[in-house]
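Here the structure comes first, spelled out in structure tokens, and everything after it is commentary.
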Amino acid sequence: MASRNGEPTTKTSPVTANAQWGGRFAAGPAQIMSDINASIGFDKRMWQQDIEGSLAHAAMLGETGVISAEDQRAIAEGLGAIGREIAEGRFTFETALEDIHMNIEARLTERIGDAGRRLHTGRSRNDQVACDFKLWVRDAIDGLSAQMTGAMLALVERAAEHAADPMPGFTHLQTAQPVTFGHHLMAYVEMLARDRSRLADCRRRLNECPLGAAALAGTSFPIDRHHTAVALGFDRPTANSLDSVSDRDFALEFLAAAAICATHLSRLAEEIVIWCSAPFRFIRLSDAFTTGSSIMPQKRNPDAAELVRAKTGRIAGSLVALLTVMKGLPLAYGKDMQEDKEPVFEAADTLALCLAATEGMVRDLMPELGRMAVAAGQGFATATDLADWLVRTLKLPFRQAHHVTGRLVALAEAREVDLASLDLGAMQSIEPGITADVYGVLTVTASVASRTSFGGTAPANVAKEAARWRALLDAEQAA
Ligand code: ARG
């Protein structure tokens, strides 16, 4: 029975004793027990990982002679067929069978009989679920890392385009010093690069295979855990069976990395919202990333940016949820740990959406360069350049130069002009040593061009950084 959209259906059958573990149970669980216990509603998402893990386990059992070659072949064929049933929406998930592991195993036995009943030799659902979940998180890391690279490329391309275009740089959201728009965008490339490396780090650490730790203590069967580990692309088997089944660090690290990335995206989203607002109007977004208002015809709302900003809450919430589940849990496995999956799925889905929307908006945004340049010169943005000139040319100590500049700013403010429009006489009334040479550092262009220190906003620096990142990302993608 498959639903229209190809999503496999879940059947809630009458509650009877579970065929997989019901040996010592006379009656089935109360309906409410079944409702709280079953995880199939969400863990069916791990069906591919579950089949992959079972194939590796069965291959190892065959290799080590724990099961016969014939049984191993039947299991492999049966699991392959079940995989096709699920992929094609022909599989009925049963709530009575609790989770993805028992749904697949029960169907296997239905298809191939006793050979199916031998699959669970030398393993438990405790190591099985840890293995499946690691495989799932590993895939999610790969997908999200690729998306981060996509967003970085978009930022790098726009930064290269606008390496020399000035905008106001802010601290406290008050005009501070001119920067270039490209420099501002490149700041987010650095953030995403750290996000990617956090995920890579998490992936490296998670890549040990828990399969074969069995329920908690290991097994008396002569299994080969190195065999399964290699078959599933892990670097090695986990070293301690208790830790193997009770560790969810990989999920927590994944969520922490996701939450930090989402936090970065929310900051860019907030900037996009600010930049789109009428008083700023530094950028415009096209129809593709905005919506209209049902009452105010002039409105163009940056909903995508607002939602990226807001969805960060779900991701940070997922981290806190799982930390809270894991806190104080005694070793080894506890059913509490079944609550690990939904926060991870939620965070992975939400981050994927936010990264896609961010890349889309970065590619879509149209900067209003004229308005940005004008704003870059407002708010006495080149006051620091004036102070630096006093230090360099008149050899004033910086603190004194700062004070003189402060007085010049006050004078300009009183006259309602900017610094570059103060005449030389006015300048000299405060510091007699000032010459006409000073006007050379008071323009926005001169200001940004002078910031040539490593990591500074000078257009030449920004162009070089964008090119460096471009080459790095291209090389990565070619590899
Ligand atoms: N559905 C369970 C989970 O997600 C699988 C492991 C169940 N193990 C057990 N001993 N009941 O954690």
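Quick note on our numbering: the sequence shown kicks off at 14 and runs consecutively. No residue lacks a Cβ here, since even glycine has one placed at the ideal position from N, Cα and C.
By Cβ distance, which residues of its chain are closer than 6 Å to residue i, with the 5 residues on each side in sequence left out?
i	result
Glu489	none
Ala244	Ala69
Arg483	Val169
Arg238	Gly225 and Pro250
Arg131	Ile80 and Asp84
Gly75	Ala82 and Gln85
Glu372	Gly163, Ala164 and Ala167
Ala386	Pro179
Asp398	Val454 and Ser460
Gly91	Leu121, Arg124 and Ile125
Ala500	The structure shown has nothing for residue 500, since the chain only spans 14 to 492.
Trp60	Ile99 and Ile113
Ser52	Asp112 and Gln351
Tyr201	Leu168 and Leu281
Residue i: beta carbon under 6 Å from a heavy atom of ligand 1?
i	result
Ser52	yes
Asp262	no
Gln33	no
Arg131	no
Met350	yes
Val142	yes
Arg138	yes
Asp112	yes
What distance in whole Å lies between the Cβ atoms of residue j and residue i, which are believed to be in contact at a cut-off of 8 Å?
i	j	result
Leu13	Ile328	Nothing can be reported for residue 13: it is not among the residues displayed for the chain, which extend from 14 to 492.
Val192	Val461	7 Å
Leu166	Leu378	Not quite, the Cβ-Cβ distance comes to about 15 Å (not below 8 Å), so this is no contact.
Lys143	Gln33	For clarity, residue 143 is Ala in the given sequence; the question names Lys instead. Actually they do not touch by this definition, with Cβ atoms about 18 Å apart.
Asp256	Asn220	Not a contact, Cβ separation roughly 15 Å.
Ser279	Arg209	In fact, because the Cβ distance is near 17 Å, the residues do not count as touching under 8 Å.
Gly54	Asp145	At roughly 16 Å, the Cβ-Cβ gap does not stay under 8 Å, so Gly54 and Asp145 are not in contact.
Ala318	Ala282	4 Å
Leu368	Met204	About 12 Å; that fails the 8 Å criterion.
Looking only at its chain, what residues have a beta carbon closer than 7 Å to the beta carbon of residue i, apart from the 5 residues adjacent to it on each side?
i	result
Asn18	Reliability fails at Asn18, whose pLDDT of 45 lies under 50, so the model's placement of it is uncertain and the value that follows must be treated cautiously. Once the five neighbours on either side are set aside, Asn18 has no close Cβ partner at all.
Tyr346	Asn139, Leu229, Val258 and Ser259
Arg420	Ile443
Thr241	Ala69, His70, Met73, Cys222, Leu224 and Gly225
Gly93	none
Glu98	Phe104
Leu424	Leu435, Ala439 and Ile443
Ala334	Pro356
Gly135	Leu74, Val79, Gly225, Ala227, Thr232, Phe234 and Ile236
Gln62	Asp145, Leu148 and Trp149
Please go through the same chain and pick out, in chain order, the residues whose beta-carbon is closer than 8 Å to the beta-carbon of residue i, but skip the five residues on each side of it.
i	result
His415	Ala400
Gly341	none
Thr458	Pro179
His175	Thr193, Phe194, Gly195, Leu198, Pro380 and Leu382
Gly96	Trp60, Gln61 and Ile64
Does the Cβ of residue i lie closer than 6 Å to at least one heavy atom of ligand 3?
i	result
Val79	Ligand 3 is not among the ligands present in this structure, which contains only ligand 1.
Three or more C-beta pairs below 8 Å linking the region 165 to 183 and the region 123 to 139
Inter-segment contact for the region 165 to 183 and the region 123 to 139 is absent: fewer than three beta-carbon pairs are separated by less than 8 Å.
- Message: Quick test of the definition: if touching needs 3 or more C-beta pairs under 8 Å, does the region 249 to 269 touch the region 73 to 86?
- Response: no
**OP:** Say whether the region 305 to 320 touches the region 384 to 394, bearing in mind that this needs 3 or more beta-carbon pairs closer than 8 Å, one atom from each stretch.
**Re:** no
Contact between the region 276 to 293 and the region 231 to 240: three or more CB pairs below 8 Å? no
- Validate contact between the region 467 to 474 and the region 190 to 210 using beta carbons, cut 8 Å, 3 pairs: yes
Using 8 Å as the threshold, is the region 41 to 52 in touch with the region 153 to 160, meaning 3 or more CB pairs across them? no
Q: Pair every Cβ in the region 101 to 121 with every Cβ in the region 273 to 280, then say whether three or more of these pairs are closer than 8 Å.
A: Output reads no: the region 273 to 280 does not touch the region 101 to 121.
Could you check whether the region 355 to 364 touches the region 299 to 306, counting it as contact only if at least three pairs of C-beta atoms, one from each stretch, sit closer than 8 Å? no
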